[in-house]
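If you read the sequence shown in the working numbering, its first letter stands for residue 114, the second for the next number, and so on.
Just so it is clear, CB atoms sit at the ideal spot from N, CA and C, and this is done for glycine as well.
It should be emphasised that the depicted structure is a prediction, and the values quoted were computed from it without experimental measurement.
In what follows, a single structure is set out as structure tokens and then discussed.
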Amino acid sequence: MTWQLNDIPDGQYADLIATARCGIGLIEHQVLIDRLMQSVAEEHCRGASPGSVVEFDDGPVTFLFALAGTSHADRTLLAVGRPERPHEVRDVAYQRGYPLPDLFAGRPVDRGHLIPYTGGGQYGPNLFVQDRALNRGWSRDGRGYRALERAAVAGAPDTLMFARTHYIDDTDVPGFIDLGVATASDVAVHRFRNRFDSTEARREMSIVLPGATNAQIGGLGEETAAVLLTENLDATLVAMGDARLPRDGTRQDLDLLAVVDGELIAYEVKTRYASTKAGRVTRAGNLLRPRLQRSRTPGTGQASQPYVADRLAGHIEVGDGYEGIVVQIIAVDFVAMLAQWFDVNDSGSGLRPAGPPIDCTDAALRALQQIVDHRGQL
């Protein structure tokens, strides 16, 4: 199994996996379980004033659970088991009874399962406060997390799955989760951030981006484009769009409206980060052309003159005598950390680079700081 995201950099599981291999190189799952239990328990006991540790089974899962000590709350340290089909219907009432805040550090959270319900995971010690974007696959990390879960369940009964929690304070809300899937011959282990309440977790791009939803990525892209316009082109912003704000039905405003060198220009911002096209450039060194939303009526799709005129009514007169304005697309790529302007024709098609890509690293950082200063998190 090969996963592109979130490898454990220090190889801390390498020795455990090596000792679980038999003479012909296959992984003995029970030996791996025993080694994991021993390693996690020993690490816990090295902590300050640790509570006692108990081991027990619940369904197909074995838990290592730390009873409350003077330095921490009751909390699960490790869940490990062989995924199997759930034998009972999901107990929605019980699950809803698990205490859960509306937000944690400004981010929505869910009642997450260390071992997924689809793999036989139950409730009680298997439940924890989980970042919603991670749990639902809404972020890049979330998609990687869900992919590992699906691989574990799909490979049953020949797979072993474990979830190891890492706590950063005395609560029962883990800061990180190591999710591992073992087959007979290989083990994939990846670490996922579950909390974003530290200063660096809110302001460092390398931490923020993997945990961000598509809407948050889009909002950061628009703010980055605004910084580039004002600082590089000395533009005056007239209006910004409705990223992450309630919309009037299905209608979406223009992303940016700005005056550049005395001319009013409408901008649509297209941001890439998690897609397979992110980070790629053409042979000529340009970013890949962004995709615009199409319309059932030809010539009225996103960035077309009719589309733009419909959204300019609150800013300028678009009645008799209106001849249209310049429209451009700004592509922002948070993998390559590049931004590029594209010209578009009156029908919202025929995109052509208006110039070479430029580095957007500093602009993205300033945009992130502005957003965090304004609302506390991306």
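Apart from sequence neighbours up to five positions away, the residues of its chain that approach residue 149 with a beta-carbon distance below 7 Å are 129, 191, 193 and 275, ordered along the chain. Beta bridge pairing from DSSP links residue 301 with 294.
Ranked by how close their Cα comes to the Cα of residue 302, the residues 260, 410, 174 and 225 have 260 in first place. The shortest C-alpha to C-alpha distance from residue 320 to any of 306, 331, 327 and 328 is the one to 306.
Counting only residues of its own chain and dropping the five nearest sequence neighbours on each side, residue 459 has a CB closer than 6 Å to the CB of 418. Counting of Cβ neighbours within 10 angstroms places residue 472 among the exposed residues, the total staying below 16. Pairing residue 309 with residue 490 gives a Cβ-Cβ distance under 8 Å. Within the same chain, Cβ atoms closer than 6 Å to the Cβ of residue 229 are found at 262, the five residues on either side in sequence being excluded.
In this chain, the beta strand (DSSP E) harbouring residue 441 covers 439-446. Residue 281 and residue 185 have their C-alpha atoms some 10 Å from each other. Rounded to the nearest whole angstrom, the CA to CA distance from residue 378 to residue 372 is 6 Å. Assigned with DSSP and collapsed to three states, residue 274 falls in strand. Beta-bridge pairing by DSSP links residue 471 to 452. Under the 10 Å beta carbon count, residue 157 is surrounded by 16 or more other beta carbons and is classified as buried. In the DSSP annotation of this structure, the continuous segment of the beta strand (DSSP E) that includes residue 223 starts and ends at 220-226.
Taking each of 290, 178 and 201 in turn and checking the Cα distance to residue 237, the smallest one comes out for 178.
Excluding residues up to 5 positions away in sequence, 323 and 387 lie with their Cβ nearer than 6 Å to the Cβ of residue 253 in the same chain. DSSP places residue 315 outside any beta strand (DSSP E); the residue lies instead in the alpha helix (DSSP H), whose first and last residues are 312-316. For residue 257, the uninterrupted alpha helix (DSSP H) segment begins and ends at 253-267. In its chain, beyond the 5 residues on either side, 450 have a beta carbon closer than 6 Å to the beta carbon of residue 474. In the structure shown, residue 175 falls within a strand segment according to DSSP collapsed to helix, strand and coil.
Contact annotation, residue 381 with residue 429: C-beta distance approximately 17 Å; criterion of less than 8 Å not satisfied. If you check the CB distance, residue 337 and residue 480 come in under 8 Å. In the three-state reduction of the DSSP assignment, residue 216 falls in the strand class, which pools E and B.
In the three-state reduction of the DSSP assignment, residue 151 falls in the helix class, which pools H, G and I. Check the Cα spacing between residue 144 and each of 242, 273, 233 and 232: the tightest is with 273. The closest CA to that of residue 421, considering only 255, 437 and 476, is found on 437. The closest CA to that of residue 167, considering only 196, 424 and 180, is found on 180.
Within the same chain, Cβ atoms closer than 8 Å to the Cβ of residue 330 are found at 322, 384, 386, 387 and 447, the five residues on either side in sequence being excluded. About 6 Å separates the beta carbon of residue 452 from that of residue 341, a gap short enough to meet the 8 Å contact definition. With distances taken between CA atoms, residue 240 lies nearest to 225 out of 250, 225 and 248.
Between the C-alpha atoms of residue 183 and residue 369 there is a straight-line separation of about 53 Å. When rounded, the separation of the alpha-carbon atoms in residue 403 and residue 327 is 15 Å.
Each residue's CA atom was taken as its position, placing residue 244 and residue 292 some 15 Å apart.
One Cα belongs to residue 395, the other to residue 401, and the distance between them is close to 6 Å. Per the C-alpha coordinates, the member of 295, 219 and 212 positioned closest to residue 196 is 295.
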